[in-house]
Structure formats: structure tokens, C-alpha cells
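A short write-up of the structure that comes next.
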Amino acid sequence: MAEAQTKAFVEFQRVQKSYDGEVLVVKDLNLAIPRGEFLTMLGPSGSGKTTCLMMLAGFETATHGEILLDGKPINNIPPHKRGIGMVFQNYALFPHMTVGENLSFPLEVRKFGRSEREAKVKRALDMVEMGDFISRRPAQLSGGQQQRIALARALVFEPELVLMDEPLGALDKQLREKMQFEITDLAHKLGITVVYVTHDQTEALTMSDRVAVFNDGVIQQIAPPDELYESPENSFVAQFIGENNTLEGVVKEIKDGVALVELDSGDLIDCKPINVSKPGERTRVSIRPERVEYNKDRLQKGVHTLQAEVLEFIYMGDIFRTRLRVAGNDEFIIKTRNAPDQVRLTPGTQIEIGWMPEDCRALDA
Amino acid sequence: MMDSSGSLLAVDGTPLKRKLAQSMFRSRARAFGLALPLLAFIIVVFVYPILDFLRQSVYDARFATLMPATSEAMADWDGSTAPTEEMAAALVADLVVAKKEKTIGKVATRVNRELSGTRSLFTKTARNAKKMKPPYMEALIKKDKDWADIETWHAMKTASRVYTPAYIVAALDRKMLADGSIVQQSEERRIHVQLFARTMEISFLVTIFCLILGYPIAFLMASLPLRTSNLLLILVLLPFWTSLLVRTTAWIAMLQAQGVMNDLFVVFGLATDEDRFSLIYNKTGTLIAMTHILLPFMILPLFSVMKTIPPSYVRAAKSMGATDWTAFWRVYFPQSVPGIGAGALLVFILAIGYYITPALVGGQDGQMVSNIIDFHMRKSLNWNLAAALGLVMLVFVMFLFWVYDRVVGIDNMKLG
Chain A
1 MAEAQTKAFV EFQRVQKSYD GEVLVVKDLN LAIPRGEFLT MLGPSGSGKT
51 TCLMMLAGFE TATHGEILLD GKPINNIPPH KRGIGMVFQN YALFPHMTVG
101 ENLSFPLEVR KFGRSEREAK VKRALDMVEM GDFISRRPAQ LSGGQQQRIA
151 LARALVFEPE LVLMDEPLGA LDKQLREKMQ FEITDLAHKL GITVVYVTHD
201 QTEALTMSDR VAVFNDGVIQ QIAPPDELYE SPENSFVAQF IGENNTLEGV
251 VKEIKDGVAL VELDSGDLID CKPINVSKPG ERTRVSIRPE RVEYNKDRLQ
301 KGVHTLQAEV LEFIYMGDIF RTRLRVAGND EFIIKTRNAP DQVRLTPGTQ
351 IEIGWMPEDC RALDA
Chain B
1001 MMDSSGSLLA VDGTPLKRKL AQSMFRSRAR AFGLALPLLA FIIVVFVYPI
1051 LDFLRQSVYD ARFATLMPAT SEAMADWDGS TAPTEEMAAA LVADLVVAKK
1101 EKTIGKVATR VNRELSGTRS LFTKTARNAK KMKPPYMEAL IKKDKDWADI
1151 ETWHAMKTAS RVYTPAYIVA ALDRKMLADG SIVQQSEERR IHVQLFARTM
1201 EISFLVTIFC LILGYPIAFL MASLPLRTSN LLLILVLLPF WTSLLVRTTA
1251 WIAMLQAQGV MNDLFVVFGL ATDEDRFSLI YNKTGTLIAM THILLPFMIL
1301 PLFSVMKTIP PSYVRAAKSM GATDWTAFWR VYFPQSVPGI GAGALLVFIL
1351 AIGYYITPAL VGGQDGQMVS NIIDFHMRKS LNWNLAAALG LVMLVFVMFL
1401 FWVYDRVVGI DNMKLG
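From first to last, the protein sequence lines stand for chains A and B. For the first sequence, our numbering begins at 1 and goes up steadily by one. For the second sequence, our numbering begins at 1001 and goes up steadily by one.
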């Protein structure tokens, strides 16, 4: 991060939230978002990510702690004075107004003049390529079109911060991928700060500058997508982001940044210790399916090899997905690229698989 | 496939429309069969009696059947010339028969409706009709000089029509003359139009009060969590578990001069003990009691519509900079309009035909059309006029319905 950006634009300081006084939905949250960042809050439902977004928007109040916007505490500022744009899960386009009236609404309540309103509405609609739809009703639009209008409406009054609450959840896969690109593109072009909530990890990885993984009211890891995927800091993140193979065992020794782990099957493997500290600790070893190799010619020197039995071969077009039994684990998945010389494994055969020790991460049990 | 006219054909060459109708026939027939018992029940006990009763508002064959000769003799008389001797003779002949058959009372009642004061004229004349000798006109006038008055004959002419607009005309405070022209009733006898107006006024005010009181409750119920809103819903429905009569009489205990409300007013110094408010046996009483009784009919449709308005709309409006009031007025309220339409229409139509409450707490100026219909059904036994009043009201309600459809749109209404 550049020096000028170290001052956070949005900041959560020790924020806690409880709805019933018995359970904390958000536990001691600290988070700083610099200006212009696209930050995604990712997590399973009930992890507290939407609650955080609603507190930022002002629809929920923090039970404890402070939320700062551009250095100013906003806990006591009502939502309509925060000047934060928001895109809702089901778009929340007003059904009794036309597209133009929907976009004009935030400008009207801000007392913009008529001509200025029209110019801004037109510009916002052109931005999402929906200029021809100004006099339609929301019900006459497809899901993707509604999504664009919702986006334009959140941007039309030129807020510096835009919140998005699972905005692509209702779209089909192709449209979703297209919109993912368009939203990030627009956000970067306009230089706005975006806080984006989703439970779809692909969406989080493809769109964000940084991803905050939520679970159980706590941020488990906050990092850029590549770091999150390649270096998960705990087994929740490893499991939640991407596909992941897990082998359980006990740490034997840790030396020179390498942990020797005895798997429950008795096999010994070398791993990279992430959050294990001493011998005798139970650990979950995590290996990404695409980092496992079985082609003898491609097994590099220094790799660890284990015996495996092929259980199932699934042809998926671009890749092959093979399910193996490795060290007593029947759900061990490997993914291989559909290259011309790639071997298609047949169920029942015994093979030898291997991986680089640094791709194999010893995490908390 | 298409035929020459361009309509689609099924594979076997029959027009697709007919093919579809054939394939749908069985399921349609089944659906109709399921609804048939109810349909038959409604036709027999609801539609037919109503239509039959409404027919009485324009059909009255009593005079024509009981006084056949007179009716025939008057058929060609246009009321502008003096009654003829022939008519008088026929009248005397009919009166003799009517006296003998003891039907003279019915005849007298019928003519009396057209011209009050003629009842005794008929019964008196009928007693002596047997002894009358020609020329009959002179004999009649000798018996009672009212027979010289052409109005008496006009009344009979009007009564002799089998299909007559007389009752509907009467329901609108007008009367029909013998030549078929329609004039207003004399001022002291105009009661119905005023009563219709009052019925409309009461119904309209009750609807407004229900809306003002019901909207916030429905809003509250729609925004509370399910458990609490269910509890409130039960409280709203609670009055339905009590008889209408009990609820109405409870208001008497509450509102009468020595009742709970007035006692409280005196305690808090809002009224003096000698000069208590008259809250009941007048229009105020009708308004208060009816508003209370009809309130659930406003709340329920409002609630069911409001429940479907996602909270994200108001949130979206606020996030865009709208104050609480703007968000409500510009975003929430327009979406609750279908509920207002349904609730208002329901309350208004129920109110317009309300009977028991105005009868019990309405006093003189809190009476409605239904009360005078009841009067004609049970006291004056003028069923024809009662039917006519009902018909006028029905037509009026249908007109309002039509206006509502044009202004708000019936599709816009949601009952749940």
C-alpha cells in the first residue's frame, strides 16, 4: 500500500454486535479499508458479514465499538445522512417508479435541480449501458438489467463508498461472471471504495483487492486473493476457499521451517508449518488438488510420494477430476489439465502420487 | 404446421386451438364438477331469492288481479280527461267482489301508497258498493266527494300497472303521475334521498376512521417479528369471537349519558355532571361503534399487503438519502395502496349495508338505509318499496365499484 493510503477510509474499531444480549454475532472486529479498495467480506451464512455491512450502512447499531468513515465516527449518524451508496440482494428497485424515476430519487431527496438530475441520470444509465430503458418499469426488465439499474442507482449520486450485499446472487452463472467483471471495472474506473458481501468464493477471488474471510463473527484471514488461496492461515480458510484435501495427523518434529507429520495411517510426510508450534500437536495437512502430481515423468526431485488407489474418474471437459483413497482418506481429489498427453486413470488401479513439501501446509486441527 | 388462414395445426391436422380445448376438457370438467355443489347451493339460496325479491321492486300485480274490470277499463285512459262512467261502473263491480272476497284491504293499501288517505275511502265505499245504482259516478261522488277528485283516479291508474317504476321512483323521493310523468314528492315526504346521503356519509366516514386507526396498527404488525405480530393479529381478530350484538350493546354501556366514557369525562373535568356528552343514540354513536366493529376488515388486507413489502425498499430509500418520512411517503406508502384499496372497499361495502348497529345505537339521525328497508319489511309491509330501496342501493354500490375500477383498478386490489 502506498503511503498516502495508509489512512483508512472506513474503519471498524473493536466492534461487537449482539441481537439478543446472549450471542455475539460480531466479535471484536477490527478492520481498516483504504480509499479506493474493493474489499469483499466472504463467509458462510450467519458468519456476521452482512451484519457488518448493515452496521456500516446504518441499519444496525453496533453494540460496542466505533465505526469511522473518513476519520469521523458515524455510529450516531442516521443512514440517510451517511452518503453511502448501496446495492441490495434483490435490487430493491421501487416497483411503482420507472427506471428514470428510480435513479432520480436519490437526486430529488438531495434537492438537485431538474436539469442536473436529468443529466446525472442519463450519465449513470449510459455508464451501465441501459440508456434506452429509462421509461421502463423494473418488472419489465430481466434480472441482469435490474442488476445494472440497481448499480446505476447506487452510483448516481456519486458516493465515495458503495456497499453491495450479495448483488449477483439471483443471476445465472454466465451473467454473474459478466457482471463480476463489469462491477470491478466500473469501481476501478470511478475510483470508489467498495465493500462487497458474498458467500461465493469464486466471486470474492475474482473481484476483490482484498478478501476478509468471516466465520463465527471473527475475521479468519484478510488478504489479497492469491495469498488467501495459496497461503491460508488456518484450516477454516483452507477449507472455505477453493477445493482442498485434508489429511489428519500428529506433528513429530519441527526443524528448519519443515514439520514432520505422522499421518493417522502411519505415513510420514514433510509439511510447511503454518499454525502448529510444537511436536505432539494434532494437525490437519492441507494440499490443493491441482498441486498433486501422479505422472511419473513430471514428479520432480524432492517430492513426497504416497500410495493411492483410484476410486472414481470424472471427465469435466477442461479438467479431469479423480477421486483417490490416500492414507485412509476416501475423499482425496486431484485435478489435472485435459492435455493431449494426459493419462486418464481407471478406477481400481494403484498409483503413486506426490507433491512439493511447500504445497503441503500443516494447519490447526 | 399451418393451414391456409395461418392458424396453427396439430400434427394430425386439427387446429391447435381445438386440440387444446379437447385436451383441457377433462380437467376443466373435473374442476367444474368440484365447484358444482357450491354453485348450486348459491344459486338456490342466494342468487334466486335475491333476484326474485328484486323483481318486486318493479312488479306488482295486486291491483290488476284483484280489480280486473277497473284495470281494463282504465287501460286506455290517459289521465288527462275526466274519469268515464264506464270506469266508475267497473270500479263498483270490482269493489263488490273485493268486499265479498275480503280482498278490499289489500286493494286499499295498494292505492293508499300512491295517494295517502285513500284507504278509508276504499273500505267505506266498498261497504256500500252493493247498493249503488247507475249512474255510478254520481253514486260514488254522493258517497264521498273524493271520487270527484281526479287524483284518486290517477292513483288507481298508477296502481293498475303490473310492471311499474312507481316503487323505484318512490325510493328516490319522487312519484309517478297517471300520465307517466315523474315529479318530486312534496318536501315533507322526501326522506329516502336524504337517507341515502346519510348512509354514504356514515360509510365514508367509517372507512376514513378505520383507515386512520388501522394503518399504523397494520404497519406495526408488518414490521414486528413474527411472534409478536401473531400475537397482535390474535388481538385484532379477538372481537370476531364475540357476537356482534354483544359488542354493540357493550358500546351502549360505554357511551351512554351515565356510561363509562361520560363518567371519565366528568372525573377529568372535560364535562360537567349536568351537561354530559351525547355519544350514543345519534350519528356519533353509529360512527364510533361501526368503526370499532369494521376495523379488522381494514387491518387484515392492509397487513397482508404490507407483509409482502420487503424492508429493503425503505432501506434502499434511506441509503439514497431519504429521510424516514420521505422513504415512507414516496416508497412504502405507494406500495401499500393495493391494501388500502382492498380494505377501504371492503369496509365501505360492509358499512353501507350495516343494520344492527345503527338500529341499536343510531337513535334518530344515526339510521341508515338498511334500517328503513327493515321498517318496510316488518312494519309497513311494503315489500315492493323495500325491494326498490335495495335495488337502488345495489345499483349505486355497483356504480361505485365501477368508479373504483376506473380510478384505482380492481387488479390493483390485494386481499391477501
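We put the CB at the ideal spot given by N, CA and C, even for glycine. Quick caveat, the model's predicted, so the values are computed rather than measured.
Of the candidates A:LEU363, A:LYS272, A:LEU68 and A:SER208, the residue whose Cα lies closest to the Cα of A:LEU39 is A:SER208.
In this structure, the CA atom of B:GLN1184 is about 14 angstroms from the CA atom of B:PRO1165. Close to B:LYS1318, with beta-carbon spacing below 7 angstroms, are these residues of chain A in chain order: PRO79 and HIS80. With its beta carbon less than 8 angstroms from one in chain A, B:GLY1321 belongs to the interface. Contact check for A:THR198 against A:GLU166 passes: the beta carbons are separated by less than 8 angstroms. Around the Cβ of B:TRP1325, a 10 Å sphere holds fewer than 16 other Cβ atoms; the residue is exposed.
Taking the beta carbon of B:TYR1313 as reference, the chain A residues within 7 angstroms of it are ALA92 and PHE94, listed in sequence order. Proximity of B:THR1242 to chain A, defined by a Cβ-Cβ separation below 8 angstroms, is not satisfied. For A:SER115, the enclosing alpha helix (DSSP H) begins and ends at 114 to 127.
Under the rule that a run must span 3 or more residues, the beta strand (DSSP E) segments found entirely inside the region 1171 to 1205 of chain B read 1174 to 1176 and 1182 to 1184. As summarised for the region 134 to 192 of chain A, the continuous beta strand (DSSP E) elements at least 3 residues long and confined to that stretch are 161 to 165, given in chain order. The C-beta distance from B:ALA1171 to B:LEU1389 rounds to 5 angstroms, short enough to fall under 8 angstroms. For A:ARG210, the uninterrupted beta strand (DSSP E) run begins and ends at 210 to 215, by DSSP. Counted as a single uninterrupted DSSP element, the alpha helix (DSSP H) harbouring B:THR1249 occupies residues 1244 to 1255. DSSP places A:ILE33 in the uninterrupted beta strand (DSSP E) bounded by 24 to 34.
Annotation for A:SER104: ARG117 and VAL121 place their beta carbon closer than 6 angstroms to its own, counting only its chain and skipping 5 residues before and after. Excluding five sequence positions before and after A:GLU253, the CB atoms of its chain that fall closer than 7 angstroms to its own CB belong to LEU260 and PRO279, given in chain order. With fewer than three CB-CB distances shorter than 8 angstroms, the region 1272 to 1288 of chain B does not count as touching the region 67 to 75 of chain A. At least 8 angstroms separates the CB of B:VAL1397 from every CB of chain A. Interface annotation, B:THR1228: not in contact with chain A, CB-CB separation never under 8 angstroms.
Taking a Cβ-Cβ cut-off of 7 angstroms, the neighbours of B:VAL1331 in chain A comprise PHE94, given in sequence order. If you look at B:GLY1339, you'll find it in the alpha helix (DSSP H) that goes 1333 to 1352. Per DSSP, the unbroken beta strand (DSSP E) holding A:ARG321 starts and ends at 319 to 326.
Ranked by Cα distance from A:GLU60, the first of B:MET1368, B:VAL1337, B:LYS1318 and B:PRO1338 is B:LYS1318. Counting along the chain, B:MET1306 sits inside the alpha helix (DSSP H) bounded by residues 1283 to 1306.
Distance from the CA atom of B:ILE1141 to the CA atom of B:TRP1147, rounded to whole angstroms, is 5 angstroms. Close to A:ILE84, with beta-carbon spacing below 8 angstroms, are these residues of chain B in chain order: SER1319. Not flagged as an interface residue toward chain A: B:PRO1338, since no C-beta distance is shorter than 8 angstroms.
By DSSP's assignment, B:LYS1124 forms no beta bridge with any residue.
Distance from A:LYS17 to A:THR50 at the Cβ level is roughly 11 angstroms; contact not present, criterion being Cβ atoms closer than 8 angstroms. Short of 6 angstroms from the beta carbon of A:GLY242, and not among the five residues preceding or following it, lie these beta carbons of its own chain, in chain order: TYR229. The residue from A:ASP359, A:LEU24, A:GLN300 and A:GLU177 with its alpha-carbon nearest to that of A:THR246 is A:ASP359. CA-to-CA, the gap between B:GLY1259 and B:LEU1205 works out to about 24 angstroms.
Burial check for B:ASP1179: the Cβ neighbour count within 10 Å stays below 16, so the residue is exposed. Along the region 98 to 120 of chain A, going in chain order, the ones with a CB nearer than 7 angstroms to a CB of chain B are PHE105, PRO106, VAL109 and ARG110. In the structure shown, the three-state DSSP call for B:GLU1101 is helix.
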